[in-house]
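Numbering (this note's numbering), first residue to last: 2 to 298.
Structure below.
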């Protein structure tokens, strides 16, 4: 008998792309819509955000995130049970996840509004930078050793207000097919809260993007890609979805390095296993916003 060749691991297929006039139509109708949506969000925040309670702000942020995903044609995939688990996570909480794209923020915000810790460069992005600053994003200068003290002070204030805070321990984006090394520095936020008698659970979240059910790198924001180039790349690839897997909270009382290692193990399990392909996964937000004749961003 001839020995069978063991199966090779499945690799992500080349993303299916729209080409020609269909791609151009999708891009030129939806790009203006994204711009208008961003400007509308900016005006809404300036006009109402200061007067709204935390719950009202959360409602606006969630709606804004879902609008971005709908315009881009990206569906969220998350089980009802897991979404309910995340939404019911007692505030405050520290959320950590793998980082693939600028889109990650809106995928999370569409489910559970959170304050993000982001690199300082994002604050300089046109419109988006001003908008994320207005909604309370904490910016960190990774080249400055003194920056951590300011981040800790801002995070403590957010925790006292009952906010969830999320950061990406990889410190940069990847293609989503694996994990880069995790940095433990920001896990000090949970460690400090614990030592001060607070209870801030750490909740790992695995993000994974797919196209028509198969892994894809079409959403990856890597290399020398610009924000505009990334948006165009996403619009060229129909049928995209963002799978969200929420893991159980990590045990409290762990030092930062132990929290970092445990979070990485949990997030890696979501990338390596078939958890994101279980039948219980529902495809939420199925309906794409019809592209109007004149708008989008």
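Glycine residues also receive a C-beta, built at the ideal position from the N, C-alpha and C atoms.
Using three-state DSSP, classify residue i as helix, strand or coil.
| i | result |
| --- | --- |
| residue 231 | helix |
| residue 116 | strand |
| residue 152 | helix |
| residue 131 | helix |
| residue 188 | helix |
| residue 160 | helix |
| residue 52 | helix |
| residue 10 | In this prediction, residue 10 has a pLDDT of 46, which is less than 50 and means its spatial position is unreliable; what the coordinates show is noted afterwards. Coil at residue 10, not helix or strand. |
| residue 276 | The pLDDT assigned to residue 276 is 41, lower than 50, so where the model puts this residue is not dependable, and the model offers no usable value. |
| residue 174 | coil |
| residue 1 | Examination of residue 1 is not possible in this model, given that the chain is present from 2 through 298 alone. |
| residue 146 | coil |
| residue 182 | coil |
| residue 103 | coil |
| residue 126 | coil |
| residue 19 | coil |
| residue 46 | helix |
| residue 136 | coil |
| residue 197 | Residue placement at residue 197 is flagged as unreliable, the pLDDT there being 48, under the threshold of 50; the coordinate-derived value follows with that caveat. DSSP places residue 197 in coil when its eight states are reduced to three. |
So the candidates are the options; which of them puts its Cα closest to the Cα of residue i?
| i | options | result |
| --- | --- | --- |
| residue 167 | 80, 118, 158, 174 | 118 |
| residue 92 | 156, 105, 127, 99 | 156 |
| residue 212 | 130, 190, 239 | 239 |
| residue 1 | 242, 163, 128 | This structure cannot speak to residue 1, because the chain is shown only from 2 to 298. |
| residue 102 | 264, 226, 249 | 226 |
| residue 191 | 233, 24, 27, 95 | 95 |
| residue 250 | 272, 264, 257, 242 | 264 |
| residue 75 | 253, 235, 258 | 235 |
| residue 255 | 243, 147, 203, 241 | 203 |
| residue 143 | 120, 69, 64 | 120 |
| residue 138 | 146, 145, 147, 158 | 158 |
| residue 110 | 229, 60, 231, 129 | 60 |
| residue 178 | 210, 161, 172 | 210 |
| residue 231 | 73, 68, 248 | 73 |
| residue 180 | 63, 229, 272 | 272 |
| residue 41 | 217, 56, 29, 128 | 128 |
| residue 171 | 266, 100, 161 | 100 |
| residue 228 | 36, 253, 215 | 36 |
| residue 21 | 237, 193, 116, 147 | 237 |
| residue 114 | 84, 126, 268 | 84 |
| residue 33 | 62, 18, 233 | 233 |
| residue 44 | 70, 82, 24, 136 | 136 |
| residue 106 | 82, 122, 62, 145 | 62 |
On the premise that residue j lies in contact with residue i, defined as a C-beta separation below 8 Å, what is that separation, rounded to the nearest angstrom?
| i | j | result |
| --- | --- | --- |
| residue 219 | residue 176 | Not a contact, Cβ separation roughly 10 Å. |
| residue 46 | residue 132 | 7 Å |
| residue 98 | residue 169 | 6 Å |
| residue 208 | residue 245 | 6 Å |
| residue 149 | residue 186 | 6 Å |
| residue 77 | residue 243 | 6 Å |
| residue 188 | residue 257 | 4 Å |
| residue 58 | residue 65 | Their Cβ separation, rounded to whole angstroms, is 11 Å, which puts residue 58 and residue 65 out of contact at 8 Å. |
| residue 205 | residue 165 | That belief does not hold up - the Cβ atoms of residue 205 and residue 165 are roughly 13 Å apart, past 8 Å. |
| residue 29 | residue 68 | The Cβ separation is near 19 Å, so there is no contact. |
| residue 112 | residue 79 | 7 Å |
| residue 266 | residue 241 | In fact, because the Cβ distance is near 28 Å, the residues do not count as touching under 8 Å. |
| residue 108 | residue 70 | 7 Å |
From the DSSP output, which residues share a beta bridge with residue i?
| i | result |
| --- | --- |
| residue 169 | Looking at the DSSP assignment, residue 169 forms no beta bridge with any residue, so it has no partner. |
| residue 141 | 120 |
Would you say residue i lies against chain B (beta-carbon separation less than 8 Å)?
| i | result |
| --- | --- |
| residue 241 | Reference to chain B is not applicable here, since this structure consists of a single protein chain. |
Open item on the list: Runs of 4 residues minimum, wholly inside the region 200 to 271: which ones carry the alpha helix (DSSP H) assignment?
Closed with: You should have 228 to 236.
Task: Contained alpha helix (DSSP H) runs [length at least 4] in the region 65 to 101, N- to C-terminal order - done: Runs of the alpha helix (DSSP H) inside the region 65 to 101: 81 to 88.
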